[in-house]
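Student: Chains as they are written, first to last, in my numbering: chain C, 1 to 286; chain P, 1001 to 1286; chain D, 2001 to 2309; chain H, 3001 to 3309.
Got a structure for you, questions after.
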Amino acid sequence: MSTRMSSKVSSDQWDGALHSPIRAVADVVSNGDEGLSSRRLRLRVPDFPGFAPGQFAMLSPGSLPAAPRTDPLLPRPMAIYRSFEIAGGAEVEILYKVTGRGTALLAEALPGQQVSIVGPLGRAFPPPEPRERVLIVAGGTGIASVFDLAAQIDSSHQPTVLLGARTAGDLMAVDDFESLGIEVQIATDDGSRGTHAQVTGLLSEALESAAPTRVYTCGPTPMMHRCAQICAQAQVPCVAALENHMACGFGVCLGCAAPLVRGGYALVCRDGPAFDAASIDWEGLP
Amino acid sequence: MSTRMSSKVSSDQWDGALHSPIRAVADVVSNGDEGLSSRRLRLRVPDFPGFAPGQFAMLSPGSLPAAPRTDPLLPRPMAIYRSFEIAGGAEVEILYKVTGRGTALLAEALPGQQVSIVGPLGRAFPPPEPRERVLIVAGGTGIASVFDLAAQIDSSHQPTVLLGARTAGDLMAVDDFESLGIEVQIATDDGSRGTHAQVTGLLSEALESAAPTRVYTCGPTPMMHRCAQICAQAQVPCVAALENHMACGFGVCLGCAAPLVRGGYALVCRDGPAFDAASIDWEGLP
Amino acid sequence: MSSAGVDTTVDLAGIPLRNPVLTASGTFGYGTEFSPFLDLRRIGGFVAKSLTLEPRIGNPPPRIAEAPSAMLNAISLENVGVDEFIRTKLPAIPDGVTVIASAFETEIDRYAEVCARLSGVPRIAGLEINASCPHVKSGGIEFGQDPAVLARLVASARRATTGPLLVKLSPNVTHIAEMARVCEGEGADGVSLINAVQALEIDTSTRRPVLANGLGGLSGPAIRPIALRMVWQAAQAISIPICGIGGIGSAEDAIKFLLAGATAVQVGTANYLHPAIAGEISDGMAAYAENHGYARLADLIGALEFPAR
Amino acid sequence: MSSAGVDTTVDLAGIPLRNPVLTASGTFGYGTEFSPFLDLRRIGGFVAKSLTLEPRIGNPPPRIAEAPSAMLNAISLENVGVDEFIRTKLPAIPDGVTVIASAFETEIDRYAEVCARLSGVPRIAGLEINASCPHVKSGGIEFGQDPAVLARLVASARRATTGPLLVKLSPNVTHIAEMARVCEGEGADGVSLINAVQALEIDTSTRRPVLANGLGGLSGPAIRPIALRMVWQAAQAISIPICGIGGIGSAEDAIKFLLAGATAVQVGTANYLHPAIAGEISDGMAAYAENHGYARLADLIGALEFPAR
Ligand SMILES: Cc1cc2nc3c(=O)[nH]c(=O)nc-3n(C[C@H](O)[C@H](O)[C@H](O)COP(=O)(O)OP(=O)(O)OC[C@H]3O[C@@H](n4cnc5c(N)ncnc54)[C@H](O)[C@@H]3O)c2cc1C
Ligand SMILES: Cc1cc2nc3c(=O)[nH]c(=O)nc-3n(C[C@H](O)[C@H](O)[C@H](O)COP(=O)(O)OP(=O)(O)OC[C@H]3O[C@@H](n4cnc5c(N)ncnc54)[C@H](O)[C@@H]3O)c2cc1C
Ligand SMILES: Cc1cc2nc3c(=O)[nH]c(=O)nc-3n(C[C@H](O)[C@H](O)[C@H](O)COP(=O)(O)O)c2cc1C
Ligand SMILES: Cc1cc2nc3c(=O)[nH]c(=O)nc-3n(C[C@H](O)[C@H](O)[C@H](O)COP(=O)(O)O)c2cc1C
Ligand code: FES
Ligand code: FES
């Protein structure tokens, strides 16, 4: 699948073409406060080959200014939120929260400055089976990881997005999801927006319908773990996109290992980030 | 001497009052490109006690943003160019060139951001004797170190400023010196502005007059060394402000040692930065 | 020969290299992972992930963490095993790419067996034995931390292979020069240094180490001045070639290692930040030589002017 | 007792400290230099610049340089000498400030003489002997690099003073735990670790070391994970108290050292960046204890939950 505006691709298409990753020096087009707690970064990436939903990129905000810094050192993994084709490449959008030093440095990258990017990395979300209804459950920064999935899924799958956060202020991208014209349900821990509940409560309710369903989830580990349990009980397939710490993003540092139920480890960056939730040893995740 | 606008103090006054240094978190008021190769930083420094000509401050541009960095690590010494009293402190001006990673980081400190400052540090230039004519010879970033000296010296000393640079584009602060109403002579290595010569050539010429003279100099070590030689030959006192590398700026790391003719070392930050040029073992300087 | 007219070739312990830039074991996978980013023929070659006799799955996560200008890792022994490497990984590497295989184990005879299996395999230009592994029989201290144990390890590996043999030293020692001399004495063709520095990082909210393993190895720019010192010290003590490793992220960094006495360098952690960096370092080294009037990069080896004592 | 109601006092090797934050030798001058910035009674105390028998002038410049998240120094032995310290520096220190004096020399009997002169001086709460100096008679290796030499040094210093005796260890060793045990065995009351890590930085334009001395000591955040590892290893081996040093720049950093087993900490390079940082670290440690439900900072000492092996 190539870089696109918002044209939908049929779900069985996105897994087909793998986009060979590139490393590029990207110009910052914009990097604005989105209100709530998130920021939207737009990068002009030369030769960007496109991406499939679920893929991510590694961003190094500190390595390119006139005063290159080695602290913070490691690049930060970020889902590719969406991209727009332009001559000679693409504008790539990242939706992120400032949660530490690397993302704070990213927030300082102003138009006119540059950010090093490596991507797209990882595998796409596996597409749903033809007649499956799709439920997308996301929380925290995981919300950014599922936006393109929501955007790509054919309406025949009746996609519903369940977004969770501690408070209304912690949510991100709600308007974008709503503008896709798909159903969005919100739960907050403090009731400041949507249902006063955990998002996994919404999931349980949604699974009461008997229709064959597939769940996709991305967010804090406890949330995904709970989704996996609920789906296992309901005998519904669940795909979870993990957010392990990463150093390289393309399978060489072996740092992002996720323990598997059958023993051994998968590499989140290479074998994921999306996995069959039933295959993950959730207790063994950090 | 307290913080001031541009009121001159009589030269025997500035050495009297020592300003106990402070460490402060300073707001960046402005940080603009000055044309040529220099930049002007203005900081709002709470409780700034004032300074005397020749004193400097240590600036840490990377330590205070939302994403504190430990690389580059050490603070950078910068002459205090001038300061303006405001309620509760002062606005302190620094004129600097981007020559490496620390100064490049300083150039990124935007209004609204903060810079940690420690100062004023070091001793003032020794004032001239009552009837001495004053010649100020400066080059490179050393030009910033002598501006307040030029501003403070009483017109009875007939101060003349000799500024040198490789090219016109490497000069800084020329307009400021000219607006002091004192004589400014310029020499560039390539003749792109002023005399096509080294600034030390201007000095030799100026010393041909027999009037009792005192020379102040700050700039690249080879330039100051040459000034010292010329002055020694002409039997004219020469005060040189050294620019050794520093870690602390207040006499505790012992890093800024300058070798003395009589053996042993002086600490540039504590015993200087200004020294009787004849006391310095110029060959032993890095 | 680089296009600049500088002779960039070096001979590392009998391994002829196009240029002095290798990539370090454990930071470059099995080579093919980098093909989207870098034509491996632009660099001197690469050292593959260390191999054990059997495939190993490694430590539980978290395995990595960040530290000031550095990263910590405790990947442990995870690798596909020596046989799988020879069967599937090696054939996937493009022709013309110089491959150095790395061996590590927990006992000396197992090390020797890994070396024996890698020995004589056509695509492998040389072996590097990673002496930074804890030796089971010495109560967990690293092979490279005890001169007597190191001597036995090197002697045994030497018997197991006739090809070029590099020994990769642990930095967690008092006298790196002594360790380098042991390697030279036991017939190693060269030494590689340094491996990651043993370190600990703690999470004050959990009051546990950040790595599941507890201790880990520190790598990246933070360790470069330590690595440079050790390379210089080793270079004063031995006459076999040295491969310099530790925090190299630019051509200038690599030049420093040559000046300190290294014949070649390995780029490690920096590959994660910029997967084509080793190629840029190669080009930049040739440019440095040209700008400074050196006809051959090899002329920079050991050219440091060290102050008289 | 801090205002927060947390008991911040600790007993470091017989030296009662108001709180666990000291400042490190060579980074805090003789104490008074910091008075414009910090009331020294806010911190546990300070370790003065190391003293030799005679005043020494130190190395030629450049003596310092920057490295990734670190600095390098080769100040060498510059100090006013032990007698001048006692005569003029000590009386200038405000009452109520805990002073630890530091001794270093190039031979064992000279160390002992420095210790003897500092011993029993009323304002001095304890001695720290800096074992990272090159020992002239051992061909320049550091006292702290050879267990036998270290044992003789500690035994001799022990005889020279009856007061609290800390030994400051060199990190440039294979087994820090062994060195710590030697100190304990010879009667030291505590150990301080780590000193700067031996390192080299090179200027590729001059092709010379950046420091006039050639080698230097690496300090600052870059070495913190190494220091933390060594403190933890020493804490597993000895039961005398440990003073943790290396790259500490925040209360969180200091807490990590306590968790790893340190009774107190010393702040070094960070004093240059922010001359009141030690005071902020003291306050922050009390706040951490309060936020995490510890009534005494001392309860954090060694509280690290290390994964089972
Ligand atoms: C595949 C993938 C996609 C992601 N997509 C997004 C996204 O679209 N938007 C967004 O805001 N965030 C996303 N994240 C999380 C994001 O990577 C972290 O928030 C970020 O790395 C935190 O860095 P920091 O320096 O601000 O935090 P610090 O806590 O200072 O980071 C310290 C170290 O921990 C790592 N780290 C900390 N938190 C996380 C985390 N949650 N996941 C992975 N590594 C972490 C950092 O990368 C760094 O190496 C994604 C993570 C992964 C693995
Ligand atoms: C007392 C004093 C007053 C100064 N006043 C001014 C001023 O008003 N305006 C101005 O532009 N510059 C001034 N300088 C020089 C200024 O400190 C350096 O240009 C600056 O430190 C360079 O830092 P960097 O990170 O950009 O360079 P890098 O080369 O990356 O710095 C590496 C290290 O070397 C040190 N260093 C490099 N060059 C110098 C130098 N010339 N002097 C001292 N240390 C250096 C840095 O501080 C740092 O520790 C002054 C220096 C001193 C000692
Ligand atoms: C994640 C990771 C895994 C590593 N695995 C190995 C390994 O398997 N074998 C080995 O000899 N060195 C291994 N190393 C050490 C590197 O090869 C190198 O010696 C060290 O990282 C220092 O170089 P650097 O600072 O450039 O990274 C590993 C390093 C890292 C960061
Ligand atoms: C410039 C400088 C001078 C030092 N001088 C001494 C000294 O005289 N005696 C000593 O025991 N340690 C000395 N040290 C080492 C420090 O006390 C400390 O052990 C080391 O810097 C590590 O701590 P840090 O990373 O917090 O700086 C010095 C360190 C620096 C940076
Ligand atoms: S992040 Fe390096 S292997 Fe996955
Ligand atoms: S800069 Fe530290 S003593 Fe002068």
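Heads up, the beta-carbon is just placed ideally off N, CA and C, and yes, glycines get one too.
From D:2139, D:2092 and D:2011, pick the residue whose C-alpha is nearest to that of residue 2190 (chain D); which is it?
Tutor: D:2011
Student: For residue 1254 (chain P), verify whether its CB is less than 6 Å away from any heavy atom of ligand 6.
Tutor: yes
Student: Residues of the region 262-281 of chain C with a CB closer than 7 Å to any CB of chain D: list them in chain order, please.
Tutor: 264 and 265
Student: Is there at least one Cβ from chain D nearer than 7 Å to residue 20 (chain C)'s Cβ?
Tutor: yes
Student: To the nearest angstrom, report how far apart residue 3298 (chain H) and residue 2167 (chain D) are at their CA atoms.
Tutor: 45 Å
Student: Use the C-beta contact count for residue 1982 (chain D): other C-beta atoms within 10 angstroms, 16 or more gives buried, fewer gives exposed.
Tutor: Absent from the structure is residue 1982 (chain D), since the part of chain D shown begins at 2001 and ends at 2309.
Student: Does at least one heavy atom of ligand 8 sit under 6 Å from the Cβ of residue 99 (chain C)?
Tutor: In the structure on display, ligand 8 does not appear, and the ligands it does have are ligand 1, ligand 2, ligand 3, ligand 4, ligand 5 and ligand 6.
Student: If residue 3197 (chain H) and residue 2226 (chain D) are in contact, beta carbons under 8 Å, what's the gap, nearest whole angstrom?
Tutor: 6 Å
Student: Determine which residues share a DSSP beta bridge with residue 3218 (chain H) and list them.
Tutor: H:3072 and H:3197
Student: List the residues of chain H that residue 70 (chain C) touches, going by C-beta distances under 9 Å, in chain order.
Tutor: 3068 and 3069
Student: Check the Cβ of residue 3161 (chain H) against every Cβ in chain A and list those closer than 9 Å, keeping chain order.
Tutor: Any reference to chain A falls outside this structure, whose protein chains are C, P, D and H.
Student: To the nearest angstrom, how far is the alpha carbon of residue 3117 (chain H) from that of residue 285 (chain C)?
Tutor: 58 Å
Student: Helix, strand or coil: how does DSSP classify residue 94 (chain C) here?
Tutor: Residue state, collapsed to three classes: strand.
Student: Assign residue 3069 (chain H) to one of two classes, buried (16 or more other C-beta atoms within 10 Å of its C-beta) or exposed (fewer than that).
Tutor: buried
Student: For a minimum of 4 consecutive residues, which ranges assigned as the alpha helix (DSSP H) are wholly contained in the region 179-211 of chain C?
Tutor: 199-206
Student: With DSSP run on the structure shown, which of helix, strand or coil describes residue 114 (chain C)?
Tutor: In the displayed model, residue 114 (chain C) falls within a strand according to three-state DSSP.
Student: Please determine, among P:1233, P:1244, P:1093 and P:1263, the residue with the shortest C-alpha to C-alpha distance to residue 1274 (chain P).
Tutor: P:1244
Student: Looking at the structure shown, is residue 1007 (chain P) part of a helix, part of a strand, or coil, going by DSSP?
Tutor: A caution first: residue 1007 (chain P) carries a pLDDT of 44, below 50, which makes its placement in the model unreliable, though a value can still be read off. Residue state, collapsed to three classes: coil.
Student: Which same chain residues end up closer than 7 Å to residue 1194 (chain P) when comparing Cβ atoms and leaving out the 5 residues on each side of it in sequence?
Tutor: 1185, 1186, 1187 and 1188
Student: Taking Cβ-Cβ distances shorter than 9 Å, what residues in chain H pair up with residue 1251 (chain P)?
Tutor: 3029 and 3033
Student: Kindly confirm or deny that the region 3269-3289 of chain H and the region 1083-1092 of chain P touch, where touching means at least three C-beta pairs closer than 8 Å.
Tutor: no
Student: Pull up the distance between the alpha-carbon of residue 3247 (chain H) and that of residue 1057 (chain P), whole angstroms please.
Tutor: Each residue's Cα considered, the two are about 24 Å apart.
Student: Output the residue ranges of the beta strand (DSSP E) runs that lie fully inside the region 1014-1072 of chain P and measure 3 residues or longer, sorted by chain position.
Tutor: 1022-1033, 1038-1046 and 1056-1060
Student: Decide yes or no for the touch test of the region 164-174 of chain C against the region 100-116 of chain C: beta carbon pairs closer than 8 Å, at least 3 of them.
Tutor: no
Student: Should residue 1269 (chain P) be counted as a contact of ligand 6 given a C-beta to heavy atom distance under 6 Å?
Tutor: It does: the Cβ of residue 1269 (chain P) is within 6 Å (strictly closer) of some heavy atom of ligand 6.
Student: For residue 20 (chain C), count neighbouring C-beta atoms within 10 Å of its own C-beta (all shown protein chains included) and say buried if the count is 16 or more, exposed if not.
Tutor: Under the 10 Å beta carbon count, residue 20 (chain C) is surrounded by fewer than 16 other beta carbons and is classified as exposed.
Student: In the DSSP output, which residue or residues are listed as bridge partners for residue 3230 (chain H)?
Tutor: The partner list for residue 3230 (chain H) (beta bridge, DSSP) is empty, contrary to what the question assumes.
Student: Rounded to whole angstroms, what's the CA-CA distance from residue 2256 (chain D) to residue 2042 (chain D)? Just pull it up for me.
Tutor: 21 Å
Student: Beta-carbon within less than 7 Å of residue 1007 (chain P)'s beta-carbon, same chain only, minus the 5 sequence neighbours each way: which residues are those?
Tutor: Because residue 1007 (chain P) sits at a pLDDT of 44, beneath the cut-off of 50, its placement in the model cannot be relied upon, and the point is left open.
Student: For the alpha helix (DSSP H) holding residue 3149 (chain H), just list the boundary residues, first then last.
Tutor: It spans 3147-3160 - the alpha helix (DSSP H) in which residue 3149 (chain H) sits, taken as one unbroken run.
Student: If we ignore side chains and look at the alpha-carbon of each, how far apart do residue 142 (chain C) and residue 2253 (chain D) end up?
Tutor: 38 Å
Student: May I have a chain-ordered list of the alpha helix (DSSP H) segments no shorter than 4 residues that lie completely inside the region 106-172 of chain C?
Tutor: 142-152
Student: At a cut-off of 6 Å, is residue 3073 (chain H) close to ligand 4 when judged by its beta-carbon and the heavy atoms of the ligand?
Tutor: yes
Student: Just verifying my parser: in three-state terms, what is the DSSP assignment at residue 3285 (chain H)?
Tutor: helix
Student: Check whether chain C comes within 7 Å of residue 1135 (chain P), counting only Cβ atoms and requiring the distance to be less than that.
Tutor: no
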